[in-house]
Structures are given as structure tokens and as C-alpha cells.
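Asker:
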Amino acid sequence: MPSEAQTRWARSLEGRRVGVALSSGFFGFYAHAGFLKAIDELGIRPSALSGTSAGALVAGLRAAGLNPKELEALFRSLTREDFWERRRWLALLGAAARGFSGYRGYLSGTRFRELLERSLPVRTFEECTVPLYVASSNITEGRRHLFSSGSLVDALHASCAYPFLFATAVIGGSHHMDGGLVDKLPVEELVAAEKVDVLLVNYLTSDAGSGNAWLARPLSMLRALRRGLDVVRNSHARWKLRWAESLGCRTYVFCPTLPRVGPRRMGEGGRAIEAGYRETLRIIEDDAFLTT
-12 MPSEAQTRWA RSLEGRRVGV ALSSGFFGFY AHAGFLKAID ELGIRPSALS
38 GTSAGALVAG LRAAGLNPKE LEALFRSLTR EDFWERRRWL ALLGAAARGF
88 SGYRGYLSGT RFRELLERSL PVRTFEECTV PLYVASSNIT EGRRHLFSSG
138 SLVDALHASC AYPFLFATAV IGGSHHMDGG LVDKLPVEEL VAAEKVDVLL
188 VNYLTSDAGS GNAWLARPLS MLRALRRGLD VVRNSHARWK LRWAESLGCR
238 TYVFCPTLPR VGPRRMGEGG RAIEAGYRET LRIIEDDAFL TT
């Protein structure tokens, strides 16, 4: 049962247009599923959704018609084999022999697309239950790309094409990579186009904490570049949230503490869903929203 504080907070959103934005975050789709489960139990129904990378996957499935319980069941059932392709190391060796010319990534994305095709209740943005916005990085044209119409499979594939792990997604002649590279948190369309009054953000932070521990690890200069990118992405997201607030949109930013999950640790997915759920309720209870 929701606590008094949680119920009071949910009631404060009644009668308002609520936009939900889900950030990028590698295998953070588990935590996002827990977040949607928590707000759904509080009676909050999004008027519009946006997401990038892992956030795009969850926002897309939710907008397409899966309810939070169905999302949780889907993600708990996933295994590495649902998207991992066998014997890809042979293609990697062949690419190495060519000096990696033309190499686009380890996994082709075929199995991931098959997963999307059998999991999505609808195939296009136009068929979604609420407006949906999905960001990707169009590296052919050198810009952020925002999907809001057409094929859901194409958009989610493009947004989730994590560098080096997945090959770039080729759509309309352009190569697309993970949306989190250029836009960790797509919120401007929810505010400007959908006119939401309230913005609920589940924000999975990029690892830009303090300290010099990265110096002691292998490939330290590559890690330094990664940290620099994290700083830019986090700063960019905070700027956009301040912009939304300047237009009168009330923002609530959830920044949960979560277990680490990756392609070799998908057994932790159930724990991550529960952590995302519990953290959402804890943040509401303690009024511990991230300040921008």
C-alpha cells in the first residue's frame, strides 16, 4: 500500500499532463521497468513518453501498449541469447584482417530486431497509445535525430545501437548509433510539442563521479575520454531540465541507486527491476528528488 506521503504526491499530479522521460543507461531498461511499475501503482498515467537508448526501449514498449506488469514479465524472461549472435568472433577476425575497414560493430542487431518484432504490440508510432519521442545519434549527418513517426522497430534499434557492441543501424541511408551519445535525456519535445505540465524523469547517471581511480585501470586515457563525455552528457541533461522549469514545467528527477547489470550479468535483472521500483517509492517518500 502506498504511504501517505506517496499518495499525497501522486494526488498533486491529478488533472495535469504528465510527461515521462527515461534516460540512457546501458542495461538500465530493468530499472526503468521498475520505475514505471511504481508510478503506475500510484495511479499516474503518462500523457507522453520519451527515451533514449535503454530508456527508448522501455518508453517504446510502454507507449506501444505493454503495461508495467507485462514489461516486468518480458524483461525478467530475457536471456543473453535473446539478442546475442553466435560465432560473431569470426566476423571480428575478418574485420581485423582488413584493418577494421567498414566494420560497424560486434553484433549485427538481427536478433535484437527479432526481439522487438515479437514483443511490440504495434509497429508504428502512429499506433501508440500516447505520443512517443525517441532519440538517436545520426553519425552520417552528424546530428541528433528524433523519431516520432514511422517504424518503431527502426527507431528503437537506432537508439539502442550501443557503440562497438551493436553495429550501427542503417535507416534511410544514414548510420545511427546509441542516442545517449548526443542526448542522454530527450525532454524538449515533451515540453514544447506536448505541452506537459509535469515532467517525471528517471535519470540513470553517467559515471562522472570524482576521484582518480580511473588512472589505475587499463586503457586509462580511453577512460579519461569516457569520463569527459559523461561530464558533457550530464551537464547537457541538467541544462535541459532547467530550461523546462524556466517554462513553468514542474520537474521531478529520480536518480536511483542500482545494482550493475550487463550482457554477462542479466541474472541481476530481476534485482534491478525491484531496486528501480523500491528506489522510486523511496525518493517520493523522502522527497529526495535530484535538484537541477
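Be aware that the sequence shown starts at -12, since it is given in the working numbering, and climbs by one per residue.
Where a beta carbon is used, it is the ideal one built from N, C-alpha and C, also for glycine.
A quick note: this is a predicted structure, and the numbers were derived from the prediction, not measured.
1) Sort out for me which residues DSSP pairs methionine 164 with in a bridge.
2) Can you tell which of Leu23, Ala35, Ser10, Glu68 has the C-alpha that lies nearest to the C-alpha of glutamate 266?
3) Can you check whether the CB of glycine 38 is closer than 8 Å to the CB of alanine 8?
4) Contact defined as beta carbons within less than 8 Å: I believe serine 34 pairs with valine 183. What is the distance between those atoms, to the nearest angstrom?
5) What does the Cβ neighbour count give for asparagine 125, buried or exposed, with the cut at 16 atoms within 10 Å?
6) Just list the residues that DSSP pairs threonine 238 with in beta bridges.
7) Closest to leucine 65 by C-alpha separation, out of Gly166, Arg252, Leu133, would be which residue?
8) CA-CA distance, phenylalanine 13 and serine 40?
9) Which same chain residues end up closer than 6 Å to valine 185 when comparing Cβ atoms and leaving out the 5 residues on each side of it in sequence?
10) Lysine 284: buried (16+ other C-beta within 10 angstroms of its C-beta) or exposed?
11) Start and end of the beta strand (DSSP E) containing phenylalanine 134?
12) Apply the 10 Å Cβ neighbour rule to isoleucine 260 and answer buried if 16 or more other Cβ atoms are within range, or exposed otherwise.
13) Give the secondary structure of threonine 97 by DSSP, where H, G and I count as helix, E and B as strand, and everything else as coil.
14) Decide if the segment 90 to 105 is in contact with the segment 117 to 133; the criterion is three or more beta carbon pairs, one per stretch, under 8 Å apart.
15) For the alpha helix (DSSP H) that contains alanine 35, what are its first and last residues?
16) State the CB to CB distance for the pair histidine 144 and arginine 100, rounded to an integer number of angstroms; the pair is presumed to be in contact (CB under 8 Å).
17) Which residues does DSSP list as the beta-bridge partners of isoleucine 260?
18) In the DSSP assignment, what are the bridge partners of serine 138?
19) If you reduce the DSSP assignment to three classes, tell me which class alanine 179 lands in.
20) Find out if the Cβ-Cβ distance for the pair valine 140, glycine 52 is shorter than 8 Å.
21) Using the beta-carbon count (16 or more within 10 Å), is phenylalanine 153 buried or exposed?
22) Tell me the rounded alpha-carbon separation between serine 233 and arginine -5.
Answerer: Quick look at the numbers:
1) For this step, residue 164 is matched to residue 177 along the sequence shown. Looking at the DSSP assignment, methionine 164 forms a beta bridge with Ser124.
2) One-based indexing of the sequence shown puts residue 266 at position 279. The option with the nearest alpha carbon to glutamate 266 is Leu23.
3) Translated into positions along the sequence shown, residue 8 becomes position 21. Translated into positions along the sequence shown, residue 38 becomes position 51. Cβ atoms of alanine 8 and glycine 38: closer than 8 Å.
4) Position 47 of the sequence shown holds residue 34. Position 196 of the sequence shown holds residue 183. Indeed they touch by this definition, with Cβ atoms about 6 Å apart.
5) Your numbering for residue 125 matches position 138 in the sequence shown. Result: buried.
6) Stepping through the sequence shown from its first residue, residue 238 is reached at position 251. Threonine 238 pairs with Leu186.
7) Within the sequence shown, the letter at position 78 stands for residue 65. Comparing Cα-Cα distances from leucine 65 to each of Gly166, Arg252, Leu133, the minimum goes to Arg252.
8) Here residue 13 refers to the residue found at position 26 when the sequence shown is read from its first residue. Here residue 40 refers to the residue found at position 53 when the sequence shown is read from its first residue. Spanning the two alpha carbons is a distance of roughly 7 Å.
9) As a working mapping, residue 185 is identified with position 198 in the sequence shown. So the qualifying residues of the chain are Leu0, Arg3, Val5, Arg237.
10) Lying outside -12 to 279, the shown extent of the chain, residue 284 is not represented and no answer is given.
11) As a working mapping, residue 134 is identified with position 147 in the sequence shown. Taken as a continuous stretch (DSSP letters only), the beta strand (DSSP E) holding phenylalanine 134 covers 130 to 134.
12) Residue mapping note: residue 260 aligns to position 273 of the sequence shown, counting from 1. Classification for isoleucine 260: buried.
13) The residue labelled residue 97 in the question sits at position 110 within the sequence shown. Looking at threonine 97 - three-state DSSP - the assignment turns out to be helix.
14) no
15) Indexing the sequence shown from 1 puts residue 35 at position 48. Element bounds for alanine 35: not the alpha helix (DSSP H) but the beta strand (DSSP E), 35 to 39.
16) By 1-based counting over the sequence shown, the position of residue 144 is 157. By 1-based counting over the sequence shown, the position of residue 100 is 113. Between arginine 100 and histidine 144 the Cβ distance is about 6 Å, and since that is below 8 Å, they are a contact.
17) Taking the sequence shown and counting its residues from 1, the one referred to as residue 260 is at position 273. Note: isoleucine 260 sits in no beta bridge, so no partner.
18) Counting from 1 along the sequence shown, the entry for residue 138 is found at position 151. Thr111, per the DSSP bridge assignment.
19) Your numbering for residue 179 matches position 192 in the sequence shown. Residue state, collapsed to three classes: helix.
20) Here residue 140 is taken as the residue at index 153 of the sequence shown, counted from 1. Here residue 52 is taken as the residue at index 65 of the sequence shown, counted from 1. Going by C-beta atoms, valine 140 is not nearer than 8 Å to glycine 52.
21) The sequence position of residue 153 within the sequence shown is 166, counting from 1. By the 10 Å Cβ count, phenylalanine 153 comes out buried.
22) Residue mapping note: residue 233 aligns to position 246 of the sequence shown, counting from 1. Residue mapping note: residue -5 aligns to position 8 of the sequence shown, counting from 1. Taking the straight line joining both Cα atoms gives about 25 Å.
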